[in-house]
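As structure tokens, the structure follows; a few thoughts come after it.
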Amino acid sequence: MEHTRRNKVVDLLKSKEYGGEVFVKGWVRTKRGNKKINFIALNDGSVIHHIQVVAEVANFPEEVLKRVTTGSCIAVKGILVESQGQGQSVEIQATAIEVYGVADSESYPLQKKEHSLEFFREIAHLRPRTNTFGAVLRIRHAMSFAIHKYFNDHGFFYLHAPIITGSDAEGAGAMFRVTTLDDKNPPLLPDGHVDYSQDFFGKETKLTVSGQLEAELGAMALSLVYTFGPTFRAENSNTPRHLAEFWMIEPEMAFYDIYDDMDLAEDFLKYLMQYALDHCHDDLEFLNNKYDNELIDRLKQVISDQFERLTYTEAVEILKSSGQTWEFPVDWGTDLQAEHERYLVEKHFGKPVILTGYPKDIKAFYMKMNEDGRTVRAMDVLFPKIGEIIGGSQREENLDALLARIHEMKIPEKDVWWYLDIRKFGTAPHAGFGLGFERLILFVTGMSNIRDVIPFPRTPKNAEF
Ligand code: 4AD
Ligand code: MG
Numbered sequence: 069m070e071h072t073r074r075n076k077v078v079d080l081l082k083s084k085e086y087g088g089e090v091f092v093k094g095w096v097r098t099k100r101g102n103k104k105i106n107f108i109a110l111n112d113g114s115v116i117h118h119i120q121v122v123a124e125v126a127n128f129p130e131e132v133l134k135r136v137t138t139g140s141c142i143a144v145k146g147i148l149v150e151s152q153g154q155g156q157s158v159e160i161q162a163t164a165i166e167v168y169g170v171a172d173s174e175s176y177p178l179q180k181k182e183h184s185l186e187f188f189r190e191i192a193h194l195r196p197r198t199n200t201f202g203a204v205l206r207i208r209h210a211m212s213f214a215i216h217k218y219f220n221d222h223g224f225f226y227l228h229a230p231i232i233t234g235s236d237a238e239g240a241g242a243m244f245r246v247t248t249l250d251d252k253n254p255p256l257l258p259d260g261h262v263d264y265s266q267d268f269f270g271k272e273t274k275l276t277v278s279g280q281l282e283a284e285l286g287a288m289a290l291s292l293v294y295t296f297g298p299t300f301r302a303e304n305s306n307t308p309r310h311l312a313e314f315w316m317i318e319p320e321m322a323f324y325d326i327y328d329d330m331d332l333a334e335d336f337l338k339y340l341m342q343y344a345l346d347h348c349h350d351d352l353e354f355l356n357n358k359y360d361n362e363l364i365d366r367l368k369q370v371i372s373d374q375f376e377r378l379t380y381t382e383a384v385e386i387l388k389s390s391g392q393t394w395e396f397p398v399d400w401g402t403d404l405q406a407e408h409e410r411y412l413v414e415k416h417f418g419k420p421v422i423l424t425g426y427p428k429d430i431k432a433f434y435m436k437m438n439e440d441g442r443t444v445r446a447m448d449v450l451f452p453k454i455g456e457i458i459g460g461s462q463r464e465e466n467l468d469a470l471l472a473r474i475h476e477m478k479i480p481e482k483d484v485w486w487y488l489d490i491r492k493f494g495t496a497p498h499a500g501f502g503l504g505f506e507r508l509i510l511f512v513t514g515m516s517n518i519r520d521v522i523p524f525p526r527t528p529k530n531a532e533f
């Protein structure tokens, strides 16, 4: 077949240029038919729908159509015609077919029509070729684009925070070490500890758990910044909502207080839901019909609801007087678990909730203290089916107050001198938050396991692909 520009399936399915010559390239989902005629469902990933290719058996050498099997990759030249069959508006009458890559029917794992999501996780290299993962991956793309669009349209600058970091001040979770030292025979200090001054960076380094501290440095110059990058946490939490490697979006705003922070978080999330409804219609409809028939309604509901705002203290009162039995008991001062968060959102209020005023002892050192001296200006956004989707706070901008906190929490000043410097030179009130990208995608797709909304999940004992 001569070299030609291909037509994308997404464009052809909308085309009305019947009789015109077209070229499509893609992967065969199914082939059916009889001795006279073959119907090939072809998908190129541009859209969830397949285009039907009609091949009259007599027009092709026998060995060509034999090699066209489920999973094979082909190029087709043909004429676009109005479809005779049901379920599609156009189809292609093939005049030439070239097989780029065969897929052996015996061993191709996606031969059978129905497989479990667990099975797909074991073939993460092939699962993008399924309807489900095609839909999830296209929605994931649309959401990352929408995130950049939202911030760009609101005057924020994209700041690239480092992935390798020498600081672990955030305290958000256990960290992965980054080292080039010989693991069998590392240089040792007289006291027996590893001598990291001989390591690549001349100090101990880790993979970052958050870009926030660097975003704060950016906000103290550009006023409005956001990061959007991979973050890493080495906790051994095997839950449907935790990954060891996940992506986080962290806006940081000079001159914002905690209320401005909440307003931004709510507006941002609603914008993303609306963007998905406007731009991912076919994929959402597929997921709605296959996995979760309340999905689209839930997205619309979140847009129209005003998020409920209350304090942690009020939430604890509600939970204690709820009459529910909890796996993890609630008492003022304990961290809320997913079961508590979901009760508030799904049962008590029936809409997203923003909790503020958390006890200082369960939150990070940088959060601004309230006048009561016991609670901090934290805010967590809790969503139906997800629990915590956003965590954020107003930051402590006062040097003395911040110093008191880091001493109280025994964080060595020398580890955060640059962070303290920002409070010495032109400090300003500021606030920010972190949105877990995969938690967002879980909500928008209606999938129930976080391993199914990232192409190659990193979880305990799992980094095969
Ligand atoms: O609440 P977290 O730990 O907050 C921070 O890291 C702050 N530095 C954010 C900020 O203020 N700039 O994490 C933020 C969000 C959580 O609400 C959750 O959505 C997500 O990140 N998240 C995870 N997502 C997947 N797997 C994990 N292990 C996650 N840990 C947190
Ligand atoms: Mg949190």
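One rule links them: number in the working numbering = place in the sequence shown (from 1) + 68.
No residue lacks a Cβ here, since even glycine has one placed at the ideal position from N, Cα and C.
These numbers come from a predicted model, not from an experiment.
Kindly indicate which three-state DSSP category residue i falls into: helix, strand or coil?
i: Arg294; result: The amino acid occupying residue 294 in the given sequence is Tyr; Arg does not appear at that position. Of the three classes helix, strand and coil, the one that applies to Tyr294 here is strand, per DSSP.
i: Lys99; result: strand
i: Ala310; result: Per the sequence presented here, residue 310 reads as His, with Ala not at that position. His310 falls in the coil class under three-state DSSP.
i: Ser461; result: strand
i: Leu256; result: strand
i: His498; result: strand
i: Trp400; result: coil
i: Gly202; result: helix
i: Lys338; result: helix
i: Trp394; result: coil
i: Arg377; result: strand
i: Asn111; result: strand
i: Leu80; result: helix
i: Arg507; result: helix
i: Met243; result: coil
i: Asp267; result: coil
i: Glu89; result: strand
i: Val512; result: helix
i: Tyr324; result: coil
i: Met316; result: strand
i: Asn357; result: helix
i: Asn304; result: coil
i: Lys217; result: helix
i: Phe417; result: helix
i: Ile522; result: coil
i: Leu423; result: strand
i: Gly94; result: strand
i: Val262; result: strand
Determine whether the beta carbon atoms of residue i and residue j lie at a separation below 8 Å.
i: Val96; j: Val158; result: no
i: Met316; j: Ile509; result: no
i: Tyr359; j: Gly500; result: no
i: Pro497; j: Phe323; result: yes
i: Arg197; j: Phe188; result: no
i: Val277; j: Phe300; result: yes
i: Trp400; j: Val421; result: no
i: Val132; j: Leu110; result: no
i: Phe219; j: Tyr294; result: yes
i: Phe524; j: Phe511; result: no
i: Leu387; j: Leu423; result: no
i: Met243; j: Lys271; result: no
i: Asp351; j: Arg208; result: no
i: Lys82; j: Ser114; result: no
i: Ile142; j: Val122; result: no
i: Ile518; j: Glu506; result: yes
i: Gln280; j: Glu334; result: no
i: Glu89; j: Ile147; result: yes
Counting C-beta neighbours from all protein chains within 10 Å, is the total for residue i 16 or more, i.e. buried, or is it exposed?
i: Ile105; result: exposed
i: Ala203; result: buried
i: Lys181; result: exposed
i: Thr98; result: exposed
i: Ala312; result: buried
i: Gly391; result: exposed
i: Gly286; result: buried
i: Asp440; result: exposed
i: Gly125; result: This sequence places Val at residue 125; Gly is not what is there. Val125 is exposed by the Cβ-count criterion.
i: Thr443; result: buried
i: Met288; result: buried
i: Pro319; result: buried
i: Ile550; result: Outside the displayed range of the chain (69 to 533) lies residue 550, so it cannot be described from this structure.
i: His310; result: buried
key: Beta carbon shell of ligand 2 at less than 7 Å from a heavy atom   = Per the Cβ criterion, the list is Asp448, Glu456, Gly459.
request  = Jot down the residue ranges of each uninterrupted alpha helix (DSSP H) in the segment 118-198, minimum 4 residues, whole runs only, in chain order.
outcome  = Taking only runs of at least 4 residues, the alpha helix (DSSP H) segments lying wholly in the segment 118-198 are 130-135, 185-190.
ask   = What are the start and end residues of each continuous beta strand (DSSP E) run of 3 or more residues lying completely inside the segment 431-487, in chain order?
value = Segments of the beta strand (DSSP E) lying fully in the segment 431-487: 443-451, 455-462.
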